[in-house]
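Trainee: For the protein sequence lines, the chains are Y and C, in the order given.
Heads up, my numbering is the position in the first sequence plus 287, with the first residue counted as 1.
Heads up, my numbering is the position in the second sequence plus 231, with the first residue counted as 1.
We put the beta carbon where it would ideally sit given N, CA and C, even for glycine.
Pasting a structure here, questions to come.
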Amino acid sequence: GESVGLHLPTLSVQEGDNSIINCAYSNSASDYFIWYKQESGKGPQFIIDIRSNMDKRQGQRVTVLLNKTVKHLSLQIAATQPGDSAVYFCAESYGGATNKLIFGTGTLLAVQP
Amino acid sequence: DVKVTQSSRYLVKRTGEKVFLECVQDMDHENMFWYRQDPGLGLRLIYFSYDVKMKEKGDIPEGYSVSREKKERFSLILESASTNQTSMYLCASTLTGQVSPTDTQYFGPGTRLTVL
């Protein structure tokens, strides 16, 4: 049979709807979190970040929410557009060193026109 | 804009071959990184370099080596390619080695390597 781990979770939304992508992180001591967007055939691109002393941060059409109690991070995209179709993944860091980033496996966002 | 380029988008090699993956950044960044990206797994750090001729092992260095002779160029070397090294390889760079809103990591487009 197939391994579930080989298939990315997929979120399918209609253009114009809001999207919520979730991420569970592993280290309760992590103090910095990043969301990346990776379009097909491209490298990951920084979207937004948040420090552990915050529970919400807003950017342009994107909001990141941090729930440290349950070690959960979410990325909200308002008015999703076809150009938002990509794999989104989170990363966590403890202590601030870039070489210590721990990356999540990602969610595929598919925007239906 | 920071630009990180990788020498090949797709590469097919045979088991036992020596493989060179090249990465160049044009923003005078001190730190460069090589990751591999596999389905169902997050990016995993192979090696990184914080200065010319300096290198540090990441989480999965076995079977790989690196070279940084010039600040802008960081090469990943597979001394004897094996099928389990079939993967997407991503290069990245940052100005400092510390994550922060003002120093994000910039990634190249990736090299998809297939080892037959």
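1) Does DSSP put residue 340 of chain Y in a helix, a strand or coil?
2) Relative to chain Y, which residues along the region 323 to 339 of chain C have a C-beta separation below 7 Å, given in chain order?
3) Which term fits residue 339 of chain C, buried or exposed, when burial requires 16 or more other beta carbons within 10 angstroms of its beta carbon?
4) Would residue 330 of chain C pass as a contact of residue 392 of chain Y if the rule is Cβ separation under 7 Å?
5) Please return the same chain residues whose Cβ sits closer than 8 Å to the Cβ of residue 397 of chain Y, not counting the five positions on each side in sequence.
6) Compare the C-beta of residue 292 of chain Y with all C-beta atoms of chain C and state if any pair is closer than 7 Å.
7) Check whether the Cβ atoms of residue 337 of chain Y and residue 324 of chain Y lie closer than 7 Å to each other.
8) Among residues of its own chain, excluding the 5 on either side of residue 352 of chain Y, which ones have a beta-carbon nearer than 6 Å to its beta-carbon?
9) Tell me which residues of the region 302 to 318 of chain C have at least one Cβ-Cβ distance to chain Y shorter than 9 Å, keeping chain order.
10) Roughly how many whole angstroms lie between the Cα atoms of residue 319 of chain Y and residue 341 of chain Y?
11) Do residue 242 of chain C and residue 342 of chain C come within 7 Å of each other at the CB atom, strictly closer than that value?
12) Please state the DSSP three-state secondary structure of residue 249 of chain C.
13) If we count the other Cβ atoms within 10 Å of its Cβ and call it buried at 16 or more, is residue 262 of chain C buried or exposed?
14) Can you give the Cα-Cα distance for residue 249 of chain C and residue 347 of chain C, rounded to whole angstroms?
15) Where does the unbroken beta strand (DSSP E) through residue 300 of chain C begin, and where does it stop?
Mentor: Walking through what the data contain:
1) coil
2) 325, 328, 329, 330, 332, 335, 336, 338, 339
3) buried
4) no
5) 297, 298, 299, 300, 372
6) Any reading at residue 292 of chain Y must be qualified, since the residue scores a pLDDT of 40, below 50, and its modelled position is unreliable; the value itself is stated next. Cβ-Cβ to chain C under 7 Å: yes for residue 292 of chain Y.
7) Not in contact: residue 337 of chain Y and residue 324 of chain Y (Cβ atoms no closer than 7 Å).
8) 343, 361
9) none
10) 10 Å
11) yes
12) Assigned with DSSP and collapsed to three states, residue 249 of chain C falls in coil, not helix or strand.
13) buried
14) Their Cα atoms are separated by approximately 13 Å.
15) Run containing residue 300 of chain C: 296 to 301, per the beta strand (DSSP E) assignment.
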